[in-house]
Amino acid sequence: MRQLVTVLGATGSIGKSTLDVLKRHSDQFQVFAITANRQVDVMLKQCLEFQPKYAVMVDESSAKLLREQLKHNASSVEVLSGSQALVDVAKADEVDQVMAAIVGAAGLLPTLAAAQAGKRVLLANKEALVMSGQLFMNAVRDNQAQLLPIDSEHNAIFQSLPLGYGQDTNYKQQISKVLLTASGGPFRGWSVEQLNTVTPAQAVKHPNWSMGQKISVDSASLMNKGLELIEACWLFDLKPSEIEVVVHPESIIHSLVQYIDGSVICQMGNPDMRTPIAYGLSWPERIQSGVEPLNLFEVAQLNFEAPNHQVFPVLNLASQAFEAGGTAPAILNAANEVAVAGFLREQIPFTSISYLIEEALNACTVESASNLDIVLQADSWARQFVEGRIGL
Ligand code: NAD
Ligand code: MG
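Residue numbering for the sequence shown follows this note's numbering, beginning at 54 and increasing consecutively.
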């Protein structure tokens with residue numbers, strides 16, 4: 054029987070890469086639903102190619118337009134709209150796997166719904182886990198969901214962990230440290246003065262990866278690594294002090310696990326998200342992903358350096374937010390989302406992103422994140438706070 058897959062955020066960078074891998078294995082996987090916010094043209098093409106049962110456009114008028122265009126093409130794909138439809142296609146009984154590839158907090162409810170419904174959740178949407186950490190991990194455990202990391206670093210850690218990881222709670226005794234790699238982004242080696250005047254076009258031009266705009270800016274500020282640090286703490290039950298961020302500009306080693314006997318195990322490969330996506334879909338087996346084999350002679354050199362915390366202060370802010378616990382990571386995440394959007398609209402300089410996050414964290418009252426309402430309230434408090442500071 055073919056596995057039925059819902060792809061949340063199908064029109065994005067991860068969504069498109071996921072469909073590319075699924076296309077190569079139509080004997081094993083069938084697309085059940087694809088979702089997007091408002092990119093009708095891309096959705097139309099995807100609907101015609103993959104013939105899912107459902108296509109969700111969150112935006113009502115985009116859904117109407119897609120419905121008309123599908124009718125014109127004599128397609129039987131059913132178009133749904135609104136945020137509840139995202140949740141419905143994530144938890145539908147028929148679905149085996151859900152690719153969580155919506156960007157930002159907007160992905161939280163459907164991703165959590167997939168976990169609550171006991172699906173295999175392929176987690177690209179790190180913001181969902183950062184916001185709701187304990188609630189999310191509890192939902193996975195209580196509903197026997199499978200949570201497979203798609204973020205390349207976490208997928209690499211997952212591949213490098215000892216056998217028995219997940220079943221054997223003592224596995225951590227064998228590990229001395231997890232090394233989380235970072236490319237350093239387009240502004241590696243720059244000074245704060247230089248960062249003051251960078252443009253959105255410069256910030257989204259990542260040296261190694263082709264990604265959506267928000268994560269590209271996060272990579273430039275190192276907030277992506279901050280969010281990933283929190284993500285790794287939840288996924289692998291670690292403390293920030295057990296994780297070391299290593300800047301590795303070539304993005305060939307995707308992260309490493311250091312063992313107590315001196316061994317260091319890592320996962321390497323060309324920087325192409327189809328590798329972790331394929332591994333998530335097929336785990337514990339492996340399938341073709343379409344990724345070019347790594348040519349070590351072409352790579353020739355691998356370099357490593359420590360991150361510069363003075364120039365990129367958000368990494369420490371993320372670690373502090375995780376240590377503070379409760380709603381602090383949700384506040385960090387929401388403040389970052391609003392600040393990044395402000396930077397992309399050229400309303401604030403790049404360096405204000407970290408100031409605004411720090412201000413939000415200083416001004417907030419951290420509460421215990423004991424239910425989803427509290428998390429969502431913290432999220433909207435931080436959004437309003439930062440919008441107010443930007444003057445929106
Ligand atoms: P993207 O901007 O390319 O795509 C985002 C997708 O989310 C689109 O399909 C869009 O329609 C949808 N979306 C946006 N706002 C929405 C909303 N309000 N409601 C519903 N859907 C909405 O982003 P991306 O680069 O593919 O990243 C997706 C997620 O994966 C992010 O959380 C990112 O951090 C993570 N991730 C991405 C990469 C990468 O290489 N691109 C790597 C690791 C992790
Ligand atoms: Mg990553």
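Beta carbons: idealized from backbone N, C-alpha and C, even for Gly.
Within the continuous beta strand (DSSP E) that includes residue i, where are the two ends?
i	result
residue 357	Run containing residue 357: none; DSSP gives neither H nor E here.
residue 380	That residue, residue 380, is in no beta strand (DSSP E); it is neither H nor E in DSSP.
residue 85	82-89
Straight-line CA distance for residue i to residue j?
i	j	result
residue 89	residue 68	9 Å
residue 126	residue 105	15 Å
residue 277	residue 271	5 Å
residue 267	residue 164	19 Å
residue 346	residue 391	38 Å
residue 417	residue 443	17 Å
residue 223	residue 313	13 Å
residue 285	residue 319	15 Å
residue 356	residue 302	7 Å
residue 233	residue 203	14 Å
Compute the minimum distance between the beta carbon of residue i and the heavy atoms of the ligand NAD, and state whether it is under 6 Å.
i	result
residue 204	yes
residue 326	yes
residue 257	no
residue 427	no
residue 65	yes
residue 87	no
residue 109	no
residue 90	yes
residue 156	yes
residue 143	no
residue 330	no
Does any CB atom of chain D fall closer than 7 Å to the CB of residue i?
i	result
residue 340	Of the protein chains in this structure there is only one, and it is not chain D.
Quick one, which of the options has its alpha-carbon nearest residue i's?
i	options	result
residue 396	439, 174, 81 and 96	439
residue 173	183, 299, 180 and 153	153
residue 183	405, 383, 419 and 431	383
residue 244	445, 232 and 362	362
residue 148	364, 171 and 191	171
residue 78	351, 334, 427 and 379	334
residue 65	189, 405 and 265	265
residue 139	234, 166 and 212	166
residue 34	100, 424 and 300	As displayed, the chain neither begins before 54 nor continues past 445, which places residue 34 out of reach and without an answer.
residue 175	239, 159, 274 and 193	193
Note the first and the last residue of the continuous alpha helix (DSSP H) segment covering residue i.
i	result
residue 58	Here residue 58 belongs to no alpha helix (DSSP H); instead the beta strand (DSSP E) covers 56-61.
residue 329	327-335
residue 194	179-195
residue 130	That residue, residue 130, is in no alpha helix (DSSP H); it is neither H nor E in DSSP.
residue 169	161-169
residue 276	276-289
residue 100	93-103
residue 443	425-443
residue 172	Run containing residue 172: none; DSSP gives neither H nor E here.
residue 136	136-144
Any heavy atom of the ligand FMN within a distance shorter than 6 Å of the CB on residue i?
i	result
residue 262	Absence of the ligand FMN from the depicted structure is noted, with the ligand NAD and the ligand MG being the only ligands included.
- request: Would you be able to state if there are at least three C-beta pairs under 8 Å between the stretch 203-216 and the stretch 328-337?
  value: yes
query: Counting Cβ pairs, one atom from each stretch, are 3 or more of them under 8 Å apart for the stretch 57-65 and the stretch 75-94?
result: yes
- request: May I ask you to verify whether the stretch 407-420 touches the stretch 281-289, counting CB pairs closer than 8 Å and requiring at least 3?
  value: no
message: Check whether the stretch 244-258 and the stretch 341-355 are in contact - that is, three or more C-beta pairs closer than 8 Å.
response: no
message: Whether or not the stretch 424-432 and the stretch 182-197 are in contact is what I'm after, with contact meaning three or more pairs of Cβ atoms, one per stretch, closer than 8 Å; do they touch?
response: yes
- prompt: How do the stretch 285-294 and the stretch 365-380 stand: do at least 3 beta-carbon pairs fall below 8 Å, yes or no?
  reply: yes
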